[in-house]
Amino acid sequence: MPELPTIRRVAVGSTNPVKIAAVRAVLARADIAATVEGAAVPSDVPDQPRGDDETIRGARNRAGRAREALDADLGVGLEGGIVELPDGSMRTCAWAVVVDREGRAGSGGSLAMPLPPAVAAMIRDGLELGHAMDRLTGGRDTKHGAGASGILTAGLIDRQRAYESLVTYALAPWLSPAYYDMGVDMGTGERGRGWDDV
Numbered sequence: 003m004p005e006l007p008t009i010r011r012v013a014v015g016s017t018n019p020v021k022i023a024a025v026r027a028v029l030a031r032a033d034i035a036a037t038v039e040g041a042a043v044p045s046d047v048p049d050q051p052r053g054d055d056e057t058i059r060g061a062r063n064r065a066g067r068a069r070e071a072l073d074a075d076l077g078v079g080l081e082g083g084i085v086e087l088p089d090g091s092m093r094t095c096a097w098a099v100v101v102d103r104e105g106r107a108g109s110g111g112s113l114a115m116p117l118p119p120a121v122a123a124m125i126r127d128g129l130e131l132g133h134a135m136d137r138l139t140g141g142r143d144t145k146h147g148a149g150a151s152g153i154l155t156a157g158l159i160d161r162q163r164a165y166e167s168l169v170t171y172a173l174a175p176w177l178s179p180a181y182y183d184m185g186v187d188m189g190t191g192e193r194g195r196g197w198d199d200v
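Offset between the sequence shown (1-based) and this note's numbering: plus 2.
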């Protein structure tokens, strides 16, 4: 693996233990020995984001604010949302955004899983996905545990594992910098071609 930029401190834009554990797991697999801390920061999107754009915006806001709040080398924002499809069905979406001190960003997302009609109806009535899953299953605090993905996939992909994929995708420009042209053109001040405008 090529030498990575120095990453000593990573801030996660949440105090949710599942999100923090997902970031820690990815960094450990990448041999990045950074301290990972959560920060309670606002997303500036509704509690239940709708659509990819709103969900990405929430993740981006969390990443930037967490990085600033903890003066970290990287900030990671994770945001889950829902998408209404033209046929009346609903699916999940989720996004991770990673930002660094220079303002460069990487993103990874999707997790497009169909939701049961009963859950979709509860969300349309104003419940967040986690609360709808609690009501459906009789459980409590689903979003701080297995999550909807863990329940609906019978444990094959729990929330942490799902978020680990997103964080890995968002970190790709730092994990393989040679392929992303990570530099900034000193003449124009423009970022390299591989960076997201998230």
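Beta carbons are placed, not taken as given, at the ideal position from N, Cα and C, and that holds for glycine.
Test item: CB-CB of Gly83 and Thr57 under 8 Å:
The sequence position of residue 83 within the sequence shown is 81, counting from 1. The sequence position of residue 57 within the sequence shown is 55, counting from 1. Yes, Cβ-Cβ distance for Gly83 and Thr57 is below 8 Å.
Do Ala13 and Leu80 come within 8 Å of each other at the CB atom, strictly closer than that value?
One-based indexing of the sequence shown puts residue 80 at position 78. One-based indexing of the sequence shown puts residue 13 at position 11. No, the Cβ-Cβ distance between Leu80 and Ala13 is not below 8 Å.
Sequence-distant residues of its chain with Cβ nearer than 8 Å to Met188 (five each side left out):
By one-based count along the sequence shown, residue 188 stands at place 186. Because Met188 carries a pLDDT of 38, less than 50, the predicted location of this residue cannot be relied on, and the following value inherits that uncertainty. Around Met188: no qualifying Cβ.
Here's the rule: buried if 16 or more other CB atoms are within 10 angstroms of the residue's CB, otherwise exposed. What is Arg126?
Working through the sequence shown from its first residue, we reach residue 126 at position 124. Per the 10 Å Cβ criterion, exposed.
Tell me whether the stretch 60-68 and the stretch 25-45 touch, counting them as touching only if at least three CB pairs, one residue from each stretch, are closer than 8 Å.
Contact holds: three or more Cβ-Cβ distances are below 8 Å.
If Leu113 sits next to Ala96, beta carbons under 8 Å apart, how far is it from one beta carbon to the other, in whole angstroms?
The residue you call residue 113 lines up with position 111 of the sequence shown. The residue you call residue 96 lines up with position 94 of the sequence shown. About 4 Å separates the beta carbon of Leu113 from that of Ala96, a gap short enough to meet the 8 Å contact definition.
Based on Cα-Cα distance, which residue from Pro118, Ala36 and Asp49 lies nearest to Leu129?
Numbered from 1 along the sequence shown, position 127 holds the residue referred to as residue 129. The shortest C-alpha to C-alpha distance from Leu129 to any of Pro118, Ala36 and Asp49 is the one to Asp49.
Using a 10 Å radius around the Cβ and a threshold of 16 neighbouring Cβ atoms, would you call Thr8 buried or exposed?
Position 6 of the sequence shown, counted from the first residue, corresponds to residue 8. When all chains shown are included, Thr8 counts as exposed.
Given a cut-off of 8 Å, decide if Ser109 and Ala172 are closer than it, judged by their beta-carbon atoms.
To locate residue 172, count along the sequence shown from 1; it is residue 170. To locate residue 109, count along the sequence shown from 1; it is residue 107. The beta carbons of Ala172 and Ser109 sit closer together than 8 Å.
Compute the distance between the beta-carbons of Val121 and Ala24, then report whether it is under 8 Å.
Your numbering for residue 121 matches position 119 in the sequence shown. Your numbering for residue 24 matches position 22 in the sequence shown. For Val121 and Ala24, no; Cβs fall outside 8 Å.
Limits of the unbroken beta strand (DSSP E) element including Ile125:
Walking along the sequence shown from the start, residue 125 turns up at place 123. Counted as a single uninterrupted DSSP element, the stretch harbouring Ile125 is not any beta strand (DSSP E) but the alpha helix (DSSP H) occupying residues Pro119 to Arg126.
Drop a sphere of 10 angstroms on the beta-carbon of Glu104, count the other beta-carbons inside from all chains shown, and report buried for 16 or more, exposed for fewer.
As a first step, residue 104 must be located in the sequence shown, where it is residue number 102. For Glu104, the number of other beta carbons within 10 angstroms of its own is below 16, and it is reported as exposed.
Does Asp33 come out as helix, strand or coil in the three-state DSSP assignment?
Along the sequence shown, one-based indexing puts residue 33 at 31. Coil, per DSSP.
Find the nearest neighbour of Pro179 within the set Val99, Ile22, Arg106 and Thr144, judged by alpha-carbon distance.
In the sequence shown, counting from the first residue as 1, residue 179 sits at position 177. The residue with the shortest Cα to Cα distance from Pro179 is Arg106.
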